[in-house]
Amino acid sequence: METGGPKTEKSSRHGIPEYGTMGQTLYDKVFDAHVVRRLSSGQYQLFIGLHMIHEVTSPQAFEMLRDRDLKVPFPGRTVATVDHIVPTEDQSRPYKDDLAEQMMKAIEANTQQFGIRLYQPGSGKQGVVHIVAPEQGLTQPGMTVACGDSHTATHGAFGAIAFGIGTSQVRDVLATQTLSMGRLKVRRIEVNGKLGSGVYAKDVILHILRKLTAKGGVGYAYEFAGTTIEAMSMEERMTVCNMAIEGGARCGYINPDETTFAYLKGRPEAPSGAAWDKAVAWWKSVASDVDAQYADVVKYDAADIEPTVTWGISPDQSVGVNEPIPATSDFPEAERPNILEAYEYMDLSAGQSMSTVHVDVVFIGSCTNGRISDLREAARVAELHGGKVPTSVKAFVVPGSEIVKKEAEAEGLDKVFLAHGFEWREAGCSMCLAMNPDKLKGRQISASTSNRNFKGRQGSPSGRTLLVSPAMAAAAALEGKITDVRQILSKGGN
Amino acid sequence: MSEIKMITGTAVPVYGNDIDTDRIIPARFLRCVSFDGLGEHAFEDDRAGEKAKGKTHPFDDARFKGAKVLVANSNFGCGSSREHAPQAIYRWGVRAIVAVSYSEIFYGNTVAMGMPCVHVSPEDAQAIQALVESDPSVEVSVDIEGNCVKVAGKSFASTIPEGPRKQFLSGGWDATSELLADFQDIETVASRLPYVNQFA
Ligand code: SF4
Chain A
366 METGGPKTEK SSRHGIPEYG TMGQTLYDKV FDAHVVRRLS SGQYQLFIGL HMIHEVTSPQ
426 AFEMLRDRDL KVPFPGRTVA TVDHIVPTED QSRPYKDDLA EQMMKAIEAN TQQFGIRLYQ
486 PGSGKQGVVH IVAPEQGLTQ PGMTVACGDS HTATHGAFGA IAFGIGTSQV RDVLATQTLS
546 MGRLKVRRIE VNGKLGSGVY AKDVILHILR KLTAKGGVGY AYEFAGTTIE AMSMEERMTV
606 CNMAIEGGAR CGYINPDETT FAYLKGRPEA PSGAAWDKAV AWWKSVASDV DAQYADVVKY
666 DAADIEPTVT WGISPDQSVG VNEPIPATSD FPEAERPNIL EAYEYMDLSA GQSMSTVHVD
726 VVFIGSCTNG RISDLREAAR VAELHGGKVP TSVKAFVVPG SEIVKKEAEA EGLDKVFLAH
786 GFEWREAGCS MCLAMNPDKL KGRQISASTS NRNFKGRQGS PSGRTLLVSP AMAAAAALEG
846 KITDVRQILS KGGN
Chain B
301 MSEIKMITGT AVPVYGNDID TDRIIPARFL RCVSFDGLGE HAFEDDRAGE KAKGKTHPFD
361 DARFKGAKVL VANSNFGCGS SREHAPQAIY RWGVRAIVAV SYSEIFYGNT VAMGMPCVHV
421 SPEDAQAIQA LVESDPSVEV SVDIEGNCVK VAGKSFASTI PEGPRKQFLS GGWDATSELL
481 ADFQDIETVA SRLPYVNQFA
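From first to last, the protein sequence lines are chains A and B. Under this note's numbering, the first residue of the first sequence is numbered 366, with each subsequent residue one higher. Under this note's numbering, the first residue of the second sequence is numbered 301, with each subsequent residue one higher.
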């Protein structure tokens, strides 16, 4: 949407704004570097450096290409994988679900026809789209990234401008490698200080969403910064950026630094040799200037963040694990009908503590928390706890990619999970959105490391979801109810 | 390319803020390779939920059958980027949406599809919903050119971001042809980007 606009636009060459010496944000620098021209609508035509596609939102786009006899001029800049519909138990073909098989066949035929790389199950590279691109080193600082998937924001962790798009826009990127986009405002969100034990990147982003609300970011790009964010690993940064979209922001990003470069070094698609030094120099130059101008700045203190659990049907409806569920009077008048709807749907009430809520299902995985560090932390909690998942609870762990799975198995994490009563699966999206056979039944309630607690999100129209960190999910599985993971971690003297 | 200046027809109110795309079209209907047939599943779980409570969802309510304008509240279409959501609404019969605000990805999808979504104030959204509720046969005109929504002789001010407004009025909402107009410029920008050239 057209908001803001370059503040110091001086002249225009190819419609590309040129800036004075005033500090710029990464967002503005990257945006400007990718502008092809101003369109008649006033929107900008933006070159897309990396385009990813998956089986759910691409088949109709390829159909549109064929209808209009359009080509794919930059096939090397699109990468495909399959994640949403792939079963995570039996992956033998043909899939039992005919429609899923049809979707697989479609992406196979489409990528072949247009000369696009496809990371298939069994290739060693398949997995959730937002996990595999960083793993391969495809996502790099200073890029524009697009994918027909709202959690594309994840790639912003590398200092890329990454947005989710719809299918008609997937068609546009395939046909032109560009998109029509408006310029966003930039909000800097600083988190400073050291996170307590048992508090993770997931809790940080749930806390931010709670403060800024699910729609507070509409019209904005979120720049995450501050000492807490700087101290995070790339995997933790991806967790934070992943959920920027749940706050209404079109994208979220973190300025690239030594942590970013160290993660990229040696990845198959990352630059190497002489190109590496040039790349690092350019990547450093795209970071926000120290005197960059922001539409606004908000600051949070890491010490205020607790292990967080959602209690409602929107990712901004959360509380610290020991905090009571808020009353309607804690919300502005206009929000109250939604709050009442959330209590009713979740069968929870104001004043209740989440730490008494039992769970039926625990899902550990997704593009938010399906990476190796997430699985390590969940396994560590299982070992410190020492018990087994009660038979009343179904708990399962779905690695985010084939690479994560292999790494976890090499470290013996699969054995830890199995020994403590968790199931161990193949890579995919699984119960994050339940398009494959993994679904909640009836009114079941799950503790989930995914990103959305919308009504019906996990496959049952009346199913309920509590969003938590992987450590909190493991604790919930072992105790059969939401539990403050710090009680378990303290046994490890930590 | 067709210009879209005004949409006129009866309307259907859908109440509530933050109606996400999982509610507009549940994920199980995404198992498809074409958008055809999505219309009948729009709001499927919400419809069933209302039925179970002995109530009727507006999309099931015979009074609103054939409606061309959907009137909603704020942050409509949040969540998943699935174009299946606006496609389902469109295939149910809707051609324009009037609401307080929309999620951005949803909005981008509707522009690319040629389904204008205009903004009105929270009070006006409720007022229009009430007018439609009390007389479902009333005609609602979404006037993109005049920046207003007309209902039963009343006119409500509406806004639409300048970019999409121009796109609808000029017929340029389907961006592909304009994006392809000067392919050379695309190649020029690509050649200037250091990563496209492997930092050589
Ligand atoms: S893991 Fe969930 S949020 Fe991520 S891409 Fe898959 S379905 Fe979407």
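Every residue gets a Cβ at the ideal spot worked out from N, C-alpha and C, and that includes glycine.
Asked                                                                                                                                        : Found
Pick from A:V724, A:T673 and A:A652 that is closest to L805 (chain A), judged by C-alpha positions                                           : A:V724
Short Cβ contact (8 angstroms threshold) for D661 (chain A) with Q389 (chain A)                                                              : no
Status (buried if at least 16 other CB within 10 Å, exposed otherwise) for K820 (chain A)                                                    : buried
Cα-Cα separation between D397 (chain A) and T543 (chain A), rounded to whole angstroms                                                       : 14 angstroms
Inter-stretch contact (C-beta, 8 angstroms, three-pair minimum) for the region 826-833 of chain A and the region 395-406 of chain B          : no
Near the ligand SF4: T514 (chain A) beta-carbon under 7 angstroms from a heavy atom                                                          : First, the residue type needs correcting, since residue 514 (chain A) is Asp and not Thr in the sequence shown. Yes, the ligand SF4 has a heavy atom inside 7 angstroms of this Cβ.
Supposed close pair A328 (chain A), M603 (chain A) - CB separation, criterion 8 angstroms                                                    : Summary: the structure shown does not reach residue 328 (chain A), with chain A confined to residues 366 through 859, and so no result is reported for it.
Chain-order list of residues whose beta-carbon lies under 7 angstroms from that of H357 (chain B) (same chain, five-residue window excluded) : F343, D346, R347 and E350
DSSP state of Q389 (chain A) mapped onto helix, strand, coil                                                                                 : coil
Interface positions of the region 620-651 of chain A facing chain B (Cβ-Cβ less than 7 angstroms), listed along the chain                    : P636, A640, K643, A644 and W647
Length-filtered (4 minimum) alpha helix (DSSP H) runs lying within the region 763-821 of chain A                                             : 767-776 and 778-784
Rounded Cβ spacing between E868 (chain A) and H449 (chain A) (contact assumed at less than 8 angstroms)                                      : This structure leaves residue 868 (chain A) out entirely; chain A is present only between 366 and 859.
Check: V493 (chain A) C-beta below 7 angstroms from any heavy atom of the ligand SF4                                                         : yes
Closer than 8 angstroms to chain A by CB, Y495 (chain B)                                                                                     : yes
Chain-ordered neighbours of N447 (chain B) on chain A, where CB pairs are closer than 9 angstroms                                            : Under the 9 angstroms cutoff, chain A gives no residues; its nearest Cβ is about 15 angstroms from N447 (chain B).
Proximal residues of chain B, C-beta to C-beta of F412 (chain A) below 8 angstroms                                                           : I486, V489, A490 and L493
D849 (chain A) beta carbon near the ligand SF4 (any heavy atom closer than 7 angstroms)                                                      : no
Start-to-end residues for the beta strand (DSSP E) that takes in D485 (chain B)                                                              : Unbroken run through D485 (chain B) is the alpha helix (DSSP H), F483 to R492; no beta strand (DSSP E).
Cβ contact check for the region 444-458 of chain A and the region 481-491 of chain A: 3 or more pairs under 8 angstroms                      : yes
Min CB distance D393 (chain A) to chain B below 8 angstroms                                                                                  : no
8 angstroms Cβ cutoff, R403 (chain A) in contact with chain B                                                                                : no
Contact with chain B by R808 (chain A), beta-carbon distance below 8 angstroms                                                               : no
Neighbouring residues, chain B, relative to T814 (chain A) (Cβ below 7 angstroms)                                                            : Result: empty, since nearest Cβ-Cβ is about 18 angstroms, beyond 7 angstroms.
C-alpha gap between T593 (chain A) and A836 (chain A), whole angstroms                                                                       : 19 angstroms
Test: F696 (chain A) CB closer than 8 angstroms to a CB of chain B                                                                           : no
Counted within 10 angstroms of its Cβ, other Cβ atoms place R808 (chain A) as buried (16 or more) or exposed                                 : exposed
Any non-hydrogen atom of the ligand SF4 closer than 7 angstroms to N816 (chain A) Cβ                                                         : yes
Runs of beta strand (DSSP E) wholly within the region 363-389 of chain B (minimum 3 residues, chain order)                                   : 369-371
Closest Cα partner of L549 (chain A) within the set A:D779, A:H785, A:L713 and A:Y392                                                        : A:Y392
Stretch pair the region 736-754 of chain A + the region 699-714 of chain A: three plus CB contacts closer than 8 angstroms                   : no
Contact with chain B by V421 (chain A), beta-carbon distance below 8 angstroms                                                               : yes
Whole-Å CB distance - G531 (chain A) paired with G408 (chain B), under 8 angstroms assumed                                                   : 6 angstroms
Supposed contact pair I526 (chain A) and Y618 (chain A) - C-beta distance, whole angstroms, cut 8 angstroms                                  : 7 angstroms
Spatially closest choice to S795 (chain A) from A:V583, A:I810, A:V762 and A:F782, by CA coordinates                                         : A:V762
Contacting positions in the region 318-339 of chain B - beta carbon closer than 8 angstroms to chain C                                       : Among the protein chains of the structure shown, namely A and B, there is no chain C.
Given C332 (chain B) as reference, the closest of A:V437, A:L435, A:D462 and A:S406 once Cα atoms are compared                               : A:D462
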